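Going by the UniProt record's numbering, the first residue of the sequence shown is number 9, and it counts up by one from there.
Glycine is no exception: its CB is placed at the ideal position from the N, C-alpha and C atoms.
Here the structure is a predicted model, which is why all the values come from computation and not from measurement.
Below: one structure, written as structure tokens.
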Amino acid sequence: EHVANQIAAGEVIERPSSVVKELVENSLDAGSTKIDVTVEEGGLQLIRVSDNGSGIETEDCEVAFFRHATSKIGSGKDLFQIRTLGFRGEALPSIAAVAKVDCVSSPSTDGLGRRLVIEGGSVKSFTETASSRGTDMTVKELFYNTPARLKYMKTIQTELGHISDYIYRLAMAHPNVAFSLKHNGNALLQTLGNGDLVQVIAAVYGTAVAKTMLPVRAENADYSLSGFISRPDMTRSNRQALTMVMNGRTIRNYAVSNAILNAYHTLLPINRYPVVALHVGMDPALVDVNVHPAKLEVRFSKELELVRFVEEELRGVLRGEVL
Ligand code: ADP
Ligand code: MG
9 EHVANQIAAG EVIERPSSVV KELVENSLDA GSTKIDVTVE EGGLQLIRVS
59 DNGSGIETED CEVAFFRHAT SKIGSGKDLF QIRTLGFRGE ALPSIAAVAK
109 VDCVSSPSTD GLGRRLVIEG GSVKSFTETA SSRGTDMTVK ELFYNTPARL
159 KYMKTIQTEL GHISDYIYRL AMAHPNVAFS LKHNGNALLQ TLGNGDLVQV
209 IAAVYGTAVA KTMLPVRAEN ADYSLSGFIS RPDMTRSNRQ ALTMVMNGRT
259 IRNYAVSNAI LNAYHTLLPI NRYPVVALHV GMDPALVDVN VHPAKLEVRF
309 SKELELVRFV EEELRGVLRG EVL
């Protein structure tokens, strides 16, 4: 069974950022308004996610770490129709199969909680402990028992890059949640969780960029757009700074990214890219989920319409700025 878990784990947990993603999504599912992420050595040594969410009931602690015990839905088709991010009940079992996990959680405010320690899929201890309401997950020595997987890990900087890119995007998707990210003791991000997207942009890209961001707000029969785009003279040298959020979920979509860049066409020097944090709201039925649930890339059934809408609206905002 351990081997089966390790193999299955490989599909869900590719690298440290996959662990961060699964843990943070669970924190969001639990209604947390404060999520603190600490990593060491690109997450290979340690990943810790603490939240102030609903916590895990005593009788659910062990259950949560065993495969499919909590699976909420049957098919990937339903993925975008449901509100919560978790959908497979596979993440915790997968993480526990390939790392050393220490989970402290409490659903109550009486100061008491449970601590569950699991190594390589085996429960080591399950005890009562002091805990505030919420969940504090520590994942140590990722892939310690799967050396073949460990060998595929890139440099600490690369692994950290995947983690920070993910957390930055998530922070922009959830300006109402206070996120922090620390690596080897250095604070990389701190957002306030006060709903102010500009504050999040400032925390990620710096106040100079944030101060000059242009607001976008538009709606048609099928889509709503809101967020901020950078002035054409406040740009960056890589494309990473395009964040798209669809119905609260960070996504990638090639056609919409292109529409954003097209709106800036002729305004940007070659190899310069805008900073964009764009929230797209739409009827979930318009999302086509014929892609792997773990992948960010999604397709829309009225994609061309969305592309035109985004490009026109952004052009309008930029034109107002330039003239
Ligand atoms: P899924 O998210 O698909 O349900 P996971 O393996 O990620 O599966 O988590 C299993 C279960 O453990 C969740 O359904 C939830 O009940 C519980 N859980 C995990 N993390 C948290 C958390 N941070 N706060 C509250 N409950 C949690
Ligand atoms: Mg989950």
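Exercise for the section: Indicate whether the contact test is met: 3 or more Cβ pairs, each with one atom in the region 301-321 and one in the region 204-216, closer than 8 Å. Expected result: Taking 8 Å as the limit for Cβ pairs, the verdict is that the region 204-216 does not touch the region 301-321.
Practice task
Please work out which residues of its chain come closer than 7 Å, Cβ to Cβ, to Lys-159, disregarding the five sequence neighbours upstream and downstream, and give them in chain order.
Solution key: Against the sequence shown, residue 159 aligns to sequence position 151. Once the five neighbours on either side are set aside, Lys-159 has no close Cβ partner at all.
Practice task
Provide the residue span of the beta strand (DSSP E) that contains Pro-24, from first to last.
Solution key: As a working mapping, residue 24 is identified with position 16 in the sequence shown. Counting along the chain, Pro-24 falls outside any beta strand (DSSP E), though it belongs to the alpha helix (DSSP H) covering 24-37.
Practice task
Look up Arg-123 in the DSSP assignment and say whether it is helix, strand or coil.
Solution key: In the sequence shown, residue 123 corresponds to position 115, counting from 1. Three-state DSSP puts Arg-123 in a strand.
Handout entry: Per-residue burial, Leu-52 [other beta carbons within 10 Å of its own, 16 or more giving buried]
Key = Your numbering for residue 52 matches position 44 in the sequence shown. Buried is the call here.
Exercise for the section: Kindly examine the ligand ADP and report whether one of its heavy atoms sits closer than 7 Å to the Cβ of Pro-240. Expected result: Mapped onto the sequence shown, residue 240 falls at position 232. Pro-240: no, Cβ never under 7 Å from the ligand ADP.
Practice task
Take the Cβ of Lys-80 as the centre, count every other Cβ of all protein chains shown within 10 Å, and call the residue buried at 16 or more, exposed below.
Solution key: Residue numbering aside, residue 80 sits at position 72 when the sequence shown is read from its first letter. With a pLDDT of only 49 at Lys-80, under 50, the local geometry of the prediction cannot be trusted, and the value read off the model is given with reservation. Around the CB of Lys-80, fewer than 16 other CB atoms lie within 10 Å, so the residue is classed as exposed.
Problem - Per DSSP, cross-strand counterpart(s) of Asp-144 - result: Mapped onto the sequence shown, residue 144 falls at position 136. Beta-bridge pairing links Asp-144 to Ser-58 and Val-112.
Handout entry: For Leu-200, three-class secondary structure by DSSP
Key = For this step, residue 200 is matched to residue 192 along the sequence shown. Leu-200 falls in the coil class under three-state DSSP.
Problem - Candidates Ala-271, Val-325, Thr-66 and Asp-173: closest to Lys-113 by CA position - result: Position 105 of the sequence shown holds residue 113. Here residue 113 is Ser; the residue named in the question, Lys, does not match the sequence. Among Ala-271, Val-325, Thr-66 and Asp-173, the Cα nearest to that of Ser-113 belongs to Thr-66.
Practice task
From the DSSP output, read off the bridge partner residues of Ala-285.
Solution key: One-based indexing of the sequence shown puts residue 285 at position 277. The partner list for Ala-285 (beta bridge, DSSP) reads Phe-236 and Thr-251.
Handout entry: Ala-17 burial status per 10 Å Cβ neighbour count (16 or more: buried)
Key = One-based indexing of the sequence shown puts residue 17 at position 9. Around the Cβ of Ala-17, a 10 Å sphere holds 16 or more other Cβ atoms; the residue is buried.
Handout entry: 8 Å Cβ cutoff met for Tyr-281 and Arg-244
Key = Within the sequence shown, residue 281 is the residue found at index 273, counting from 1. Within the sequence shown, residue 244 is the residue found at index 236, counting from 1. Going by C-beta atoms, Tyr-281 is nearer than 8 Å to Arg-244.
Exercise for the section: Assign Gly-235 to one of two classes, buried (16 or more other C-beta atoms within 10 Å of its C-beta) or exposed (fewer than that). Expected result: Within the sequence shown, the letter at position 227 stands for residue 235. With 16 or more other Cβ atoms from the protein chains shown falling within 10 Å of its own Cβ, Gly-235 counts as buried.
Handout entry: Reduced DSSP category for Ala-195 - H, G, I as helix; E, B as strand; rest coil
Key = The residue you call residue 195 lines up with position 187 of the sequence shown. Residue state, collapsed to three classes: strand.
Problem - Beta-carbon proximity check, Val-106 vs Thr-154, cutoff 8 Å - result: The residue given as residue 106 occupies position 98 in the sequence shown. The residue given as residue 154 occupies position 146 in the sequence shown. Yes, the Cβ-Cβ distance between Val-106 and Thr-154 is below 8 Å.
Exercise for the section: Please confirm whether any heavy atom of the ligand ADP lies closer than 7 Å to the CB of Ala-38. Expected result: Your numbering for residue 38 matches position 30 in the sequence shown. Ala-38 has its Cβ nearer than 7 Å to a heavy atom of the ligand ADP.
Practice task
Can you give me the start and stop residues for the alpha helix (DSSP H) that residue 401 sits inside?
Solution key: For residue 401 there is no data in the structure shown, the boundaries of the chain being 9 and 331.
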